[in-house]
Amino acid sequence: MWALAKVLSNASAKLVATFFMVIVLILVAFATMPEAINALKEGIQHFLLTDFMRDPPLNAQGEMLFDMLITDAAVFGIIMTLTARMLVELIWYGSGVLWRLVNPPEDAPASRRPANGSGDFYGES
33 MWALAKVLSN ASAKLVATFF MVIVLILVAF ATMPEAINAL KEGIQHFLLT
83 DFMRDPPLNA QGEMLFDMLI TDAAVFGIIM TLTARMLVEL IWYGSGVLWR
133 LVNPPEDAPA SRRPANGSGD FYGES
């Protein structure tokens, strides 16, 4: 049960971190490289203006939902979310590696060490 709670807390912590990472990435991107953001936006709009994306083979209700949900802002949000999630996972992995580097596992568990203090497990010298 505790393992499930640990997994859920890690997952929810990563989701919250991803949410804030998206906001930070958008702010940093607009502040430092607006030309790249404009190029990305134009690329997304070019993709959305292809014949298949402009006139998908759907009925009227499907076309209405498609036009409403598939916008350049939605595609931009998906790209930023995936980028932020990748960065969060890299930070999570890197912090785990650094934690194991600073706190390495012990060579032998305490219960397997010899009681007489000699180097041999069976007490023989």
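Position one of the sequence shown corresponds to residue 33 (our numbering), numbered consecutively onward.
Beta carbons: idealized from backbone N, C-alpha and C, even for Gly.
Inset, instruction - Confirm, please, whether the CB-CB distance from V48 to T113 is below 8 Å. - result: no
Legend entry - Through-space distance from P89 to V56, alpha-carbon basis: 38 Å
Inset, instruction - Provide the residue span of the alpha helix (DSSP H) that contains M160, from first to last. - result: Because the chain spans 33 through 157 in this model, residue 160 falls outside it and cannot be assessed.
Inset, instruction - Could you tell me whether the stretch 125 to 137 touches the stretch 58 to 70, where touching means 3 or more Cβ pairs closer than 8 Å? - result: no
Inset, instruction - Throw me the rounded Cβ distance for the T50 and V120 pair, which I believe falls under 8 Å. - result: Taking the Cβ atoms as the reference, T50 lies roughly 5 Å from V120, within the contact range of under 8 Å.
Legend entry - DSSP three-state assignment for L81, whether helix, strand or coil: coil
Inset, instruction - Would you decide whether A116 is buried or exposed? Buried here means 16 or more other CB atoms lie within 10 Å of its CB. - result: Classification for A116: buried.
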